[in-house]
Amino acid sequence: MNHQAPKSFYEKTAGMMYFARMLDKIRLFAKGELREDCHENMGMAGRADWLLCNYMRVDYAALRERVLAGGSDEEILEWCFARGRRLDENDILIWNDFIRKRGWNDSANVRLVAWKAENGLADRDDLQSIPDFTDVLEGRKP
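Taking our numbering, the leading residue of the sequence shown gets 5, the next gets one more, and so forth.
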């Protein structure tokens, strides 16, 4: 079976980072094609999927069901806005700034340091955030 990395944290849907990655993980997992190291974080409290769903006021299980029913990322984002809360430009800016820096000087830093060590990247001082680490781990950046 071909296991794939999902889209980057940095890919945007209607200006919002990470949303495309979350949906891609759901779709790949349903087909049995998602990298195994991504499985445990799906919808898990305190992790990016859960944080974004909580920010939008959308239940992860309901979102997963909606994603598997089909539709574009943009259509599903509109569903989230209708079901939870509509994010305005400022809300999206706050989310993007938060997720872009996740792991840098925050509660996720311990996890980032451990992941870097587990993957032989402890010496990479340029990997200051989980999105940057993930892009290296998944082959998008050297």
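Glycine is no exception: its CB is placed at the ideal position from the N, C-alpha and C atoms. Here the structure is a predicted model, which means the values were calculated and not measured.
query = Which of helix, strand or coil does DSSP assign to Lys-16?
reply = What you label residue 16 is simply residue 12 of the sequence shown in a count that begins at 1. In the structure shown, Lys-16 sits in a strand (DSSP, three-state: E or B).
query = In terms of DSSP beta bridges, what is Met-21 paired with?
reply = Within the sequence shown, the letter at position 17 stands for residue 21. Paired residues: Lys-16.
query = How about Trp-99 and Met-20: do their beta carbons lie closer than 8 Å?
reply = Position 95 of the sequence shown, counted from the first residue, corresponds to residue 99. Position 16 of the sequence shown, counted from the first residue, corresponds to residue 20. Taking 8 Å as the cut-off, the beta carbon of Trp-99 is found closer than this to the beta carbon of Met-20.
task = Return the first residue and the last residue of the alpha helix (DSSP H) that Met-60 is part of.
result = Numbered from 1 along the sequence shown, position 56 holds the residue referred to as residue 60. Note, Met-60: alpha helix (DSSP H), 52 to 60.
Terminal residues of the alpha helix (DSSP H) in which Glu-122 lies = Indexing the sequence shown from 1 puts residue 122 at position 118. 113 to 122 is the span of the alpha helix (DSSP H), which, as asked, contains Glu-122.
ask   = Where does Ala-52 land, buried or exposed, given buried means 16+ other C-beta within 10 angstroms?
value = Taking the sequence shown and counting its residues from 1, the one referred to as residue 52 is at position 48. Under this definition Ala-52 is a buried residue.
query = How is Leu-91 classed by DSSP in three states: helix, strand or coil?
reply = Your numbering for residue 91 matches position 87 in the sequence shown. Assigned with DSSP and collapsed to three states, Leu-91 falls in coil, not helix or strand.
ask   = Run through DSSP, which three-state label would Tyr-131 get?
value = Walking along the sequence shown from the start, residue 131 turns up at place 127. Residue identity check: residue 131 is Leu in the sequence provided, not Tyr. Three-state result, Leu-131: coil.
Coarse secondary structure for Leu-67, derived from DSSP in three states = To locate residue 67, count along the sequence shown from 1; it is residue 63. Here Leu-67 carries a helix assignment [DSSP, helix/strand/coil].
inquiry  = Just to confirm my understanding: we take Glu-40, look at its own chain, exclude 5 residues before and 5 after, and list those with CB closer than 7 Å. What are they?
reply    = Within the sequence shown, numbered from 1, the residue matching residue 40 stands at position 36. Contacts found: His-7.
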